[in-house]
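Top to bottom, those sequences are chains U and H. Residues in the first sequence are numbered consecutively from 1, following full-length UniProt numbering. Residues in the second sequence are numbered consecutively from 1, following full-length UniProt numbering. Don't be surprised by glycine CBs; every beta carbon is placed ideally from N, CA and C. Just so it is clear, the structure is predicted and the values come from calculations on it, not from any experiment.
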Amino acid sequence: MEYVIEMLGIRKEFGSFVANDNITLQLKKGEIHALLGENGAGKSTLMNVLFGLYQPEAGEIKVKGKTVKITDPNVANDLGIGMVHQHFMLVENFTVTENIILGNELTKSGVIDIKDAAKKIQSLSEMYGLAVDPYAKIEDISVGMQQRVEILKTLYRGAEILIFDEPTASLTPQEIIELIQIMKRLIQEGKSIIIITHKLKEIMDVSDRVTVIRKGEGIGTVITAETNPNELASLMVGRQVDFTTVKVDANPTDDALVIKNLVVTDYRGVERVKDLSLTVRKGEILGIAGIDGNGQSELIEAITGLRKSKSGSISINGKDITNKKPRKVTESGIGHIPQDRHKHGLVLDFPIGHNIALQTYYENPISKNGIMNYGKVSELAQKIIREYDVRTQGEYTPARALSGGNQQKAIIGREIERNPELLIAALPTRGLDVGAIEFIHQRLIEQRDKGKAVLLLSFELDEVMNVSDRIAVIHDGHIVDTVLPKETTEQELGLLMAGQSTKETVTKQGDTKHAE
Amino acid sequence: MPNRVVNILVPVISVILGLLVGAVVMVVSGYDPVAGYSALWNGIFGDSYTIGETIRQITPYLLSGLAVAFAFRTGLFNIGVEGQLLVGWFAAAYVGIAFDLPMYIHLPLAIIAAAVAGGLWAFIPGLLKAKLQVHEVIVTIMMNYIALHTTNVLTRMVADGKETTGTIKETASLKSVFFESLTDYSRLHYGIFIALAMVFVMWFILEKTTTGFELKAVGFNKNASEYAGMNVNKNIILSMVISGAFAGLAGAMEALGTFQYASVKGGFTGIGFDGIAVALLGANTPLGVVFGATLFGALKFGSLNMPNAAGIPVEIVSIVIALIIFFVACGYIIRYFLVKTNKKKEAK
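If you want it as structure tokens, here you go:
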């Protein structure tokens with residue numbers, strides 16, 4: 001069997017920490033090979049070794065049967081290895097062509113030959129069905145399109161082997177489907193692909209074989225067709241994992257969050273939430289399902305006080321919080337796990353302990369008369385770190401140094417510890433691995449079982465179906481319908497999310513009581 | 001090599017490298033570096049008088065350095081320390097001249113007047129930044145010019161058209177008879193205690209108070225601070241005002257300590273601008289500012305002795321001093337090499 005890439009017995013250490021130990025990965029020509037592991041298992045480290053960013057302490061790398069030493073990314077490029085990064089390396093206000101030729105500019109007597117490059121990019125784009133406009137500016141195109149630019153960049157540089165690092169993390173479901181088609185097309189044209197992911201569904205959909213690593217160790221390689229998600233999950237985590245979140249039926253009581261005829265505009269003054277009404281009751285999890293960009297973010301920002309609403313009202317347990325400042329909203333009993341944990345959730349340069357105190361720093365006992373009691377900050381931090389299984393060296397470690405899952409656990413700990421009446425969880429499991437997702441879902445259900453209200457915003461249908469007690473489907477700023485997870489299907493939800501009402505009698509907009 | 005050793009080695013090596021390159025410049029220009037550096041040394045530590053004057057020179061640098069560093073910690077670039085210092089200088093001198101009060105009221109009043117003047121001067125760019133997103137760098141630079149010429153006009157008014165006001169009343173003076181006797185009549189004054197107290201104040205605000213927690217949070221991440229219910233605009237303005245108050249105090253040091261009067265100025269004092277370098281040398285920490293101000297003040301004052309004692313022209317002296325500071329500022333290059341050679345050793 002011909003392998004285009006063989007990584008044999010790779011070991012990589014950082015000081016005393018072993019990030020990779022005895023990992024073997026063999027990539028066949030023309031296959032899609034998935035690299036599966038939890039966050040922090042060492043997937044990225046392994047790929048950075050292959051891409052020449054790190055030098056391994058032991059093991060060898062063969063490209064097409066020949067032992068090579070990849071000392072830096074240029075060597076990797078020359079060997080035909082290209083990387084599509086998770087966080088795109090693109091200059092926002094450059095065009096597609098300018099980005100692709102960056103660092104590799106074709107010149108004619110000292111002048112960059114954009115036209116020639118654009119032509120080449122156009123033909124590559126057509127060949128692989130990427131439909132990228134070489135003259136579009138990066139800031140004007142969608143995230144999915146930007147990713148294709150990254151793919152084109154590697155192809156333009158003659159890559160034969162493409163590494164995709166968590167490629168679906170920021171894509172919409174539709175974009176994911178398109179990406180999978182693109183990957184299959186690439187294979188047909190003779191390329192080979194390694195895809196780094198912890199999403200089992202994608203692996204089952206797209207890959208030929210899977211190599212699993214756990215805590216830095218190579219667990220083995222399996223053929224996708226001969227395995228199933230459950231087996232993969234237990235290989236990855238090292239124990240049995242529950243997919244269907246176990247929970248008893250909800251016992252909803254009084255209304256907690258009541259939103260009436262809410263209108264919210266974005267920064268350009270365009271209405272993003274249009275006359276929306278919604279109720280979340282104590283003791284239930286209300287899931288909001290919808291495609292990204294249908295007003296979800298604006299809705300949450302309006303509830304939490306980060307954005308002013310134009311009209312309508314929001315109240316929590318009978319108290320009006322419409323257009324109140326974030327502090328007032330927080331103090332009214334709302335906990336908020338923000339959509340973007342790096343932007344809103346954490347001060348990345350602060351120690352994780354300070355971040356855990358971010359919502360309570362001004363209150364007794366964390367501070368008294370304006371003087372901080374950092375001893376109490378540490379106490380609180382240690383408690384959250386322990387109870388929420390935040391893996392960190394200690395409370396003084398900068399939040400930036402933690403993995404995404406552990407950052408998220410710290411935020412969830414911080415918000416739940418304040419015992420809020422309503423917990424808003426916006427994309428709480430985005431980019432997290434199976435173990436962390438399970439943990440977070442359990443915490444949300446725990447809140448519900450304590451009689452608190454939970455508002456869950458998610459783009460993942462699985463999550464909405466599994467965790468919610470009721471599902472409100474949002475489309476174009478309206479709640480199109482409210483359904484019960486047991487009585488609906490993914491197909492029905494998909495149609496609703498696309499703005500089609502399934503019932504002949506059109507549901508009165510925003511009336512949420514209705515579905516019971 | 002442990003991190004602590006590196007942290008100490010870096011500035012030491014930087015200063016040595018700066019001195020070496022400075023020596024090369026002197027040799028190339030045909031002067032004796034040994035004579036030059038011994039003149040520099042004597043200019044700083046030569047006798048009790050020069051030591052007194054050196055500390056006197058360090059005093060305003062401490063405060064201008066704190067001013068820049070404090071704003072930096074909240075993510076603001078206060079280039080306006082120079083202007084805030086000038087208005088502080090004038091305010092302190094005016095209060096020192098115009099009032100007849102017992103010392104325990106007069107002196108604190110003059111000092112507070114300087115802090116308030118500096119704080120108000122910095123309030124304007126803070127407000128514009130918070131409310132209208134006008135970049136503070138542009139506003140503070142322009143405010144420097146406004147400060148320079150406004151204080152000049154005001155000084156002339158107070159001085160009845162002359163270039164220099166009268167001397168401030170003794171009840172508002174920081175002059176120290178004790179220090180004079182100790183340092184052979186240098187101009188060293190009690191202001192150094194105020195400056196050192198402010199070092200403590202900055203540390204205390206940032207590290208011990210909820211205000212400091214907010215200021216730092218806003219400096220690192222405005223969005224997360226807003227999410228956590230902090231008033232981002234209030235913190236931006238507050239940070240500028242505190243920074244400006246430090247700068248105003250630097251002016252008070254000159255008005256009430258060193259000079260005892262205000263005078264019409266043809267240009268900036270440079271103390272405010274040097275404060276930027278002092279803050280950066282000190283990595284924007286209070287203790288670092290003490291280090292940076294000491295280096296700056298000592299070199300500034302000590303180098304005055306080089307033309308006299310070693311016959312080196314002022315221009316060459318400026319180059320040598322700049323080189324030393326340059327190498328200290330480039331400490332990260334030295335750090336890089338230290339860490340790299342270290343790694344190689346470990347690998348073997």
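Might you give, ordered along the chain, the residues of its own chain that have their beta carbon closer than 7 angstroms to the beta carbon of I219 of chain U, omitting 5 neighbours on each side?
Position 219 of the first sequence holds residue 219 of chain U. Counting only Cβ-Cβ distances below 7 angstroms, and skipping sequence neighbours, we find V212, I213, L235.
Roughly how many angstroms separate the alpha carbons of T341 of chain H and G15 of chain U, rounded to a whole number?
Along the second sequence, read from residue 1 onward, the residue named residue 341 of chain H stands at position 341. Along the first sequence, read from residue 1 onward, the residue named residue 15 of chain U stands at position 15. Cα to Cα, the separation comes out at about 16 angstroms.
Does any residue of chain H have a CB that is nearer than 8 angstroms to the CB of H344 of chain U?
As a first step, residue 344 of chain U is located in the first sequence; it is residue number 344 there, counting from the start. Yes, its Cβ sits closer than 8 angstroms to a Cβ of chain H.
Ends of the alpha helix (DSSP H) at R56 of chain H?
The residue you call residue 56 of chain H lines up with position 56 of the second sequence. From DSSP, the alpha helix (DSSP H) with R56 of chain H extends over 48-73.
Out of H:S186, H:E254, H:V116, H:G83, which one is the CA nearest neighbour of M142 of chain H?
By one-based count along the second sequence, residue 142 of chain H stands at place 142. Measuring from the Cα of M142 of chain H, the nearest candidate turns out to be H:G83.
Considering only the alpha carbon of each residue, which of U:Q382, U:N317, U:L427 lies closest to I337 of chain U?
Your numbering for residue 337 of chain U matches position 337 in the first sequence. Comparing Cα-Cα distances from I337 of chain U to each of U:Q382, U:N317, U:L427, the minimum goes to U:L427.
So who's on the other strand from E13 of chain U, going by DSSP bridges?
Position 13 of the first sequence, counted from the start, is the residue given in the question as residue 13 of chain U. Answer is U:V18.
Can G283 of chain U and P252 of chain U be called in contact, C-beta distance under 8 angstroms?
The residue given as residue 283 of chain U occupies position 283 in the first sequence. The residue given as residue 252 of chain U occupies position 252 in the first sequence. Yes, the Cβ-Cβ distance between G283 of chain U and P252 of chain U is below 8 angstroms.
Can you tell me whether DSSP reads F164 of chain U as helix, strand or coil?
Within the first sequence, numbered from 1, the residue matching residue 164 of chain U stands at position 164. Strand.
Report yes if the CB atom of L90 of chain U is closer than 8 angstroms to the CB atom of N77 of chain U, and no otherwise.
To locate residue 90 of chain U, count along the first sequence from 1; it is residue 90. To locate residue 77 of chain U, count along the first sequence from 1; it is residue 77. Cβ distance not < 8 angstroms, so L90 of chain U and N77 of chain U don't count as in contact.
Grouping DSSP H, G and I as helix and E and B as strand, with all else coil, what is D511 of chain U?
Working through the first sequence from its first residue, we reach residue 511 of chain U at position 511. Residue placement at D511 of chain U is flagged as unreliable, the pLDDT there being 44, under the threshold of 50; the coordinate-derived value follows with that caveat. Coil, per DSSP.
Excluding the five sequence neighbours on either side, which residues of its own chain have a C-beta within less than 8 angstroms of the C-beta of I55 of chain H, listed in chain order?
The sequence position of residue 55 of chain H within the second sequence is 55, counting from 1. Excluding positions up to five away in sequence, the list reads L188, I192, G297.
Hey, quick one: how far does the beta strand (DSSP E) through N261 of chain U stretch, first residue to last?
Taking the first sequence and counting its residues from 1, the one referred to as residue 261 of chain U is at position 261. Element bounds for N261 of chain U: 255-265.
Within 8 angstroms of any Cβ in chain H, is that where the Cβ of L455 of chain U sits?
Walking along the first sequence from the start, residue 455 of chain U turns up at place 455. So no, L455 of chain U is outside the interface.
Can you give me the start and stop residues for the alpha helix (DSSP H) that D205 of chain U sits inside?
Residue mapping note: residue 205 of chain U aligns to position 205 of the first sequence, counting from 1. 200-206 is the span of the alpha helix (DSSP H), which, as asked, contains D205 of chain U.
Does N7 of chain H get closer than 8 angstroms to chain U when you measure Cβ to Cβ?
The residue labelled residue 7 of chain H in the question sits at position 7 within the second sequence. Not an interface residue.
For V506 of chain U, count neighbouring C-beta atoms within 10 Å of its own C-beta (all shown protein chains included) and say buried if the count is 16 or more, exposed if not.
For the purposes of this step, residue 506 of chain U is identified with residue 506 of the first sequence, where counting begins at 1. With a pLDDT of 42 at V506 of chain U, under the threshold of 50, the modelled position of this residue cannot be trusted; read the value that follows with caution. With fewer than 16 Cβ atoms within 10 Å of its Cβ, V506 of chain U is classed as exposed.
Does DSSP put L496 of chain U in a helix, a strand or coil?
For the purposes of this step, residue 496 of chain U is taken as residue 496 along the first sequence, with counting starting at 1. Helix.
What would DSSP say about H87 of chain U, mapped onto helix, strand or coil?
The sequence position of residue 87 of chain U within the first sequence is 87, counting from 1. DSSP places H87 of chain U in coil when its eight states are reduced to three.
Establish whether the CB of residue 546 of chain U and some CB of chain H are separated by less than 8 angstroms.
It is not possible to answer for residue 546 of chain U, since the shown part of chain U is limited to 1 through 516.
Tell me the rounded alpha-carbon separation between S207 of chain U and A224 of chain H.
For the purposes of this step, residue 207 of chain U is identified with residue 207 of the first sequence, where counting begins at 1. For the purposes of this step, residue 224 of chain H is identified with residue 224 of the second sequence, where counting begins at 1. Approximately 39 angstroms between the Cα atoms of the pair.
Is D320 of chain U close to chain B? Criterion is C-beta to C-beta, closer than 8 angstroms.
No chain B is part of this structure, whose protein chains are labelled U and H.
If you run the structure through DSSP and keep just helix, strand and coil, what is E271 of chain U?
Here residue 271 of chain U corresponds to residue number 271 of the first sequence, with the count starting at 1. In the structure shown, E271 of chain U sits in a strand (DSSP, three-state: E or B).
Give the interface partners of D72 of chain U over in chain H, defined as CB-CB distance under 8 angstroms, in chain order.
As a first step, residue 72 of chain U must be located in the first sequence, where it is residue number 72. Correct list: empty, because the minimum Cβ distance to chain H is about 16 angstroms.
Out of U:G290, U:Y361, U:I259, U:Y362, state which residue places its alpha-carbon closest to the alpha-carbon of N323 of chain U.
Locating residue 323 of chain U in the first sequence gives position 323, where the first residue counts as 1. The option with the nearest alpha carbon to N323 of chain U is U:I259.
Would the beta-carbon of V241 of chain H fall within 8 angstroms of that of L66 of chain H?
Position 241 of the second sequence holds residue 241 of chain H. Position 66 of the second sequence holds residue 66 of chain H. No, the Cβ-Cβ distance between V241 of chain H and L66 of chain H is not below 8 angstroms.
Distance check for G88 of chain H and A147 of chain H, CA to CA, integer angstroms please.
Reading the second sequence from its first residue, position 147 is the one you call residue 147 of chain H. Reading the second sequence from its first residue, position 88 is the one you call residue 88 of chain H. Using only the alpha carbons, I get a separation of about 10 angstroms.
Along the chain, where does the beta strand (DSSP E) containing I471 of chain U start, and where does it finish?
Reading the first sequence from its first residue, position 471 is the one you call residue 471 of chain U. Unbroken beta strand (DSSP E) run through I471 of chain U: 470-475.
In this structure, how does DSSP classify L35 of chain U when only helix, strand and coil are distinguished?
Start at 1 with the first residue of the first sequence, and residue 35 of chain U comes out as number 35. It is a strand residue.
Excluding sequence positions up to five away, which residues of its chain have a Cβ less than 7 angstroms from the Cβ of A41 of chain U?
Here residue 41 of chain U refers to the residue found at position 41 of the first sequence. Hits under 7 angstroms: I213, R214, K215, G216.
In chain H, which residues lie less than 7 angstroms from G370 of chain U when you measure between Cβ atoms?
Taking the first residue of the first sequence as position 1, residue 370 of chain U is located at position 370. Under the 7 angstroms cutoff, chain H gives T209, T210, T211.
Going along chain H, which residues have a C-beta under 7 angstroms from Y388 of chain U?
As a working mapping, residue 388 of chain U is identified with position 388 in the first sequence. Per Cβ cutoff of 7 angstroms: no residues; Y388 of chain U is ~18 angstroms from chain H at best.
Quick check: the segment 372-390 of chain U against the segment 1-15 of chain U, are there 3 or more CB pairs under 8 angstroms?
No: the two stretches stay apart, fewer than three of their Cβ pairs being nearer than 8 angstroms.
Taking only the alpha-carbon atoms, compute the straight-line gap between S318 of chain H and T211 of chain H and give it to the nearest angstrom.
For this step, residue 318 of chain H is matched to residue 318 along the second sequence. For this step, residue 211 of chain H is matched to residue 211 along the second sequence. Roughly 41 angstroms separates the two Cα atoms.
8 angstroms is my cut-off, CB to CB: does S309 of chain U come that close to chain H?
Position 309 of the first sequence, counting from 1, holds the residue named residue 309 of chain U. It does not: the Cβ of S309 of chain U has no partner Cβ on chain H nearer than 8 angstroms.
Applying a beta-carbon distance threshold of less than 9 angstroms, which residues of chain H neighbour D266 of chain U?
Numbered from its first residue, the first sequence carries residue 266 of chain U at position 266. The contacting residues do not exist; D266 of chain U stays about 16 angstroms from chain H at best.
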